[in-house]
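Residue numbers (full-length UniProt numbering): 1 to 77.
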């Protein structure tokens, strides 16, 4: 997925799937079109999309995940 903002900065998010592997790798690329450093951070969210049968649905989430935020400063170049 690629997004270019009004200043010409390009942000790309790439999902990497490997046959026989359940892990999904995510790569991020930022192209700074300006002369000043960009300060960016990532945000991730996982949502479970399994619909349980009524007799198994407890009304609460059966899914747990951890998120660790990362901040980066990117310079032109």
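Think of the CB as a built atom: it goes at the ideal place given N, C-alpha and C, for glycine as much as any other residue. Given the structure is predicted, the values throughout are model-derived calculations rather than measurements.
Quick check on residue i: does DSSP put it in helix, strand or coil?
| i | result |
| --- | --- |
| residue 35 | coil |
| residue 13 | strand |
| residue 22 | coil |
| residue 40 | strand |
| residue 50 | coil |
For the putative contact between residue i and residue j, defined by C-beta atoms under 8 Å, what is the C-beta separation to the nearest angstrom?
| i | j | result |
| --- | --- | --- |
| residue 33 | residue 51 | 43 Å between Cβ atoms; not a contact. |
| residue 28 | residue 42 | 7 Å |
Report all residues from its chain with a CB closer than 6 Å to the CB of residue i; omit the five preceding and five following residues, and keep chain order.
| i | result |
| --- | --- |
| residue 77 | Note on residue 77: pLDDT 48, under 50, position unreliable in the model; no value is reported. |
Would the beta-carbon of residue i fall within 8 Å of that of residue j?
| i | j | result |
| --- | --- | --- |
| residue 26 | residue 40 | no |
| residue 15 | residue 3 | no |
| residue 13 | residue 1 | yes |
Please return the same chain residues whose Cβ sits closer than 8 Å to the Cβ of residue i, not counting the five positions on each side in sequence.
| i | result |
| --- | --- |
| residue 7 | 33, 34 |
| residue 24 | 15, 16, 17 |
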